[in-house]
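A.B. asks:
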Amino acid sequence: MGEEDSKAGGEGMEWYVGVPKIELHAHLNGSVRDSTLLELAKALGEKGVIVFSDVEHVILKNDRCLPECFKLFDLIRILTTDHTTVTRITKEVIEDFAAENVVYLELRTTPKKNEAIGMSKRSYMEAVVEGLRTVDAVDVCFIPSNESTENFSETPHTNDAYDRKHRRKIYVRLLLSIDRRETTASAMETVQLALEMKDLGVIGIDLSGNPVVGEWQTFLPALEFAKEQGLPISLHCGEVPKQKEVQAMLEFQPQRIGHAICFEDEDWRQLKLSKIPVEICLTSNIRTETVSCIDDHHFVDLYKAKHPLILCTDDPGVFSTSLSQEYKLAASTFGLGKDEMFQLARNAVEFIFADDGVKKALKEMFDSASSMQ
Ligand code: IMP
Ligand code: ZN
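So, in structure tokens, the structure goes:
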């Protein structure tokens, strides 16, 4: 790979930050800044809800195996699940992605209920949408019906229009996650909510959560309902060895899958035939030790086979990474040059869940960025 480009992987971080990027696999509560988590933990410590010194090292720890990650997610859930905080973390996460030139983001989150504070799945999601509205560092386009008039290449005529054009802009869409701990009825409620919130940027469904928990059959009715209703689906697939489930997931033909790690030969064959795009999360796979060594990562095999791939972060907060870092890591590990990395970023446009209007605007934006390379 990349023999023609002697500088493969040798670009400085600046290049990876500057290049436009598309993020399709990021979990809201996995993307929270450490500084925000520490601040929230301190506040809950002062109220006596938790003991700050017990959780500080959990937040700051870098290397976590998969079970430890899910313990951290339970802690994050305690820290973030109230309406004001959900709005705040959504705003910060969007600002962080936009600051590193992510131009289109599909952010996924699990709608949560907490009766004690009057939170329903809907009110949780309304707090997320409020977070999108309150971002001020960047223009956030998330209401599909408002976008037909917006274009990255719009010609400015007045100073106002000039300012608008030169403000950083990010398209955001939301995927509602079904947690593998949920029941069929609860998963169905999430799909119903996704349908009701389509006008507010909700665009699809994700299945995630601790991969050793729950059975495929539990979620299938809700996923089939989503499919019937035309909602695109991404499944976390093959994070742990569960061959029957991997087979069932591939047969279901989701629009995308995340990870694809513990696959048997037959699964790889089927995946390649299916052309289902794979969301690749390098640092997440290495930190959780689901892939033993980055040099052996299945990225190489899929890339050589020209299988549709998207580089993603999974949980930039939990794994202390960023999309730019993931691009740099892929380039340096697999010997990819600037052109190949730019193409990899641009190819992701084809695999987004948003409509052709957004795809067209993104392609124009990549084209104008490529002329400046
Ligand atoms: P939330 O949905 O916004 O609360 O984001 C955190 C949640 O995403 C976690 O509690 C998990 O359910 C899910 N999640 C994050 N990372 C992973 C992963 O690597 N595998 C499976 N599920 C994950
Ligand atoms: Zn994930």
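For the sequence shown, the tail end lands on 372 under numbering that gives the first Met the number 0, and the numbers increase by one without skipping.
We put the beta carbon where it would ideally sit given N, CA and C, even for glycine.
(1) Starting from the Cα of N61, find the closest Cα among L74, L174, G130, S283 and give me that residue.
(2) When the Cβ atoms of the region 311 to 318 are set against those of the region 328 to 346, are three or more pairs found closer than 8 Å?
(3) Does the beta-carbon of D95, which I'm using as the reference point, lie nearer than 7 Å to any heavy atom of ligand 1?
(4) Quick one, which of E265, E288, P231 has its alpha-carbon nearest H258's?
(5) How would you label V48, buried or exposed, when you count the other beta carbons within 10 angstroms and need 16 or more for buried?
(6) Determine contact between the region 80 to 98 and the region 118 to 136, defined as no fewer than three beta-carbon pairs at a distance below 8 Å.
(7) Let me confirm a value: E188 is counted as buried when at least 16 other C-beta atoms fall within 10 Å, else exposed. Which label applies?
(8) Might you give, ordered along the chain, the residues of its own chain that have their beta carbon closer than 8 Å to the beta carbon of R180, omitting 5 neighbours on each side?
(9) Using alpha carbons as the reference points, say which of F262, I142, D338, D294 lies closest to V357.
(10) State the start and end residues of the unbroken alpha helix (DSSP H) segment that holds S291.
(11) Got a sec, what are the start and stop residues for the beta strand (DSSP E) E325 sits in?
(12) Per DSSP, what kind of secondary structure is S367 in: helix, strand or coil?
(13) Looking at C-beta atoms only, is the number of pairs between the region 234 to 246 and the region 108 to 116 that lie closer than 8 Å three or more?
(14) For the beta strand (DSSP E) containing H258, name the first residue and the last one.
(15) Between the C-alpha atoms of P66 and M340, what's the straight-line distance to the nearest angstrom?
(16) Taking 8 Å as the threshold (C-beta atoms), are A97 and I169 in contact?
(17) Can you give me the start and stop residues for the alpha helix (DSSP H) that K337 sits inside?
(18) Kindly examine ligand 1 and report whether one of its heavy atoms sits closer than 7 Å to the Cβ of R63.
(19) Of all the options R255, C64, V57, T182, which has the alpha carbon lying nearest to the alpha carbon of L23?
(20) Answer with buried or exposed for P276, where buried requires no fewer than 16 other C-beta atoms within 10 angstroms of its C-beta.
(21) Please determine, among V50, K20, W14, I75, the residue with the shortest C-alpha to C-alpha distance to L36.
(22) So, helix, strand or coil for L104, using DSSP?
(23) Determine, using beta carbons only, whether S323 and Y15 come nearer to each other than 8 Å.
(24) Is there a Cβ from chain B that is less than 8 Å from the Cβ of L234?
(25) For ligand 2, any of its heavy atoms closer than 7 Å to the Cβ of H306?
(26) By how many angstroms is the C-alpha of K46 removed from the C-alpha of I293?
(27) List the residues that DSSP assigns as beta-bridge partners of C236.
(28) Helix, strand or coil: which one does DSSP assign to H297?
(29) Taking only runs of the beta strand (DSSP E) that begin and end inside the region 171 to 257, which ones reach a length of at least 3 residues, in chain order?
(30) Where I58 and S52 are concerned, what is the direct C-alpha to C-alpha distance, given to the nearest angstrom?
(31) Quick one: is the Cβ of S207 within less than 7 Å of any heavy atom of ligand 3?
(32) For the beta strand (DSSP E) holding D138, just list the boundary residues, first then last.
(33) Any heavy atom of ligand 1 closer than 7 Å to the CB of T332?
(34) Given a cut-off of 8 Å, decide if L43 and L78 are closer than it, judged by their beta-carbon atoms.
(35) Closer than 7 Å to a non-hydrogen atom of ligand 1 - does that hold for the CB of H235?
C.D. replies: The relevant details are as follows:
(1) It is S283.
(2) Verdict: no, contact absent.
(3) No.
(4) For H258, the nearest C-alpha among the options comes from E288.
(5) It is exposed - the Cβ of V48 has fewer than 16 other Cβ atoms within 10 Å.
(6) The region 80 to 98, when compared against the region 118 to 136, does touch it at the 8 Å Cβ threshold.
(7) Buried, by the Cβ-count rule.
(8) Closer than 8 Å at the Cβ level, and outside the excluded window around R180, lie G208, N209, V212, G213.
(9) Of the listed residues, the one whose Cα sits closest to V357 is I142.
(10) Segment: none, S291 is in no alpha helix (DSSP H) and carries neither H nor E.
(11) Where E325 is concerned, there is no enclosing beta strand (DSSP E), although the alpha helix (DSSP H) it sits in stretches over 322 to 333.
(12) Helix, per DSSP.
(13) In this structure the region 234 to 246 does not lie against the region 108 to 116, because fewer than three pairs of beta carbons, one per stretch, are closer than 8 Å.
(14) In the DSSP annotation of this structure, the continuous segment of the beta strand (DSSP E) that includes H258 starts and ends at 255 to 258.
(15) Going from the Cα of P66 to the Cα of M340 covers about 32 Å.
(16) A distance below 8 Å separates the beta carbons of I169 and A97.
(17) Where K337 is concerned, the enclosing alpha helix (DSSP H) stretches over 337 to 346.
(18) Not under cutoff, so the answer is no.
(19) Residue R255 is the option with its Cα nearest to L23.
(20) With at least 16 other beta carbons inside 10 angstroms of its own, P276 counts as buried.
(21) Checked all of V50, K20, W14, I75; the closest Cα to L36 is I75.
(22) In the three-state reduction of the DSSP assignment, L104 falls in the strand class, which pools E and B.
(23) Result yes, Cβ atoms of S323 and Y15 sit closer than 8 Å.
(24) No chain B appears in the structure shown, which is made up of a single protein chain.
(25) Relative to ligand 2, the beta carbon of H306 is positioned no closer than 7 Å to any heavy atom.
(26) Approximately 43 Å, taken between the alpha carbons.
(27) Bridge partners of C236 according to DSSP: H258.
(28) Looking at H297 - three-state DSSP - the assignment turns out to be coil, as it is neither helix nor strand.
(29) List check, beta strand (DSSP E) in window: 201 to 207, 232 to 236.
(30) Near 11 Å, if we compare the C-alpha coordinates of S52 and I58.
(31) The ligand content of the structure shown is limited to ligand 1 and ligand 2, which means ligand 3 is not among them.
(32) Note, D138: beta strand (DSSP E), 138 to 140.
(33) Because no heavy atom of ligand 1 lies under 7 Å away, the Cβ of T332 does not count as near it: no.
(34) Result yes, Cβ atoms of L78 and L43 sit closer than 8 Å.
(35) Within the cutoff, so yes.
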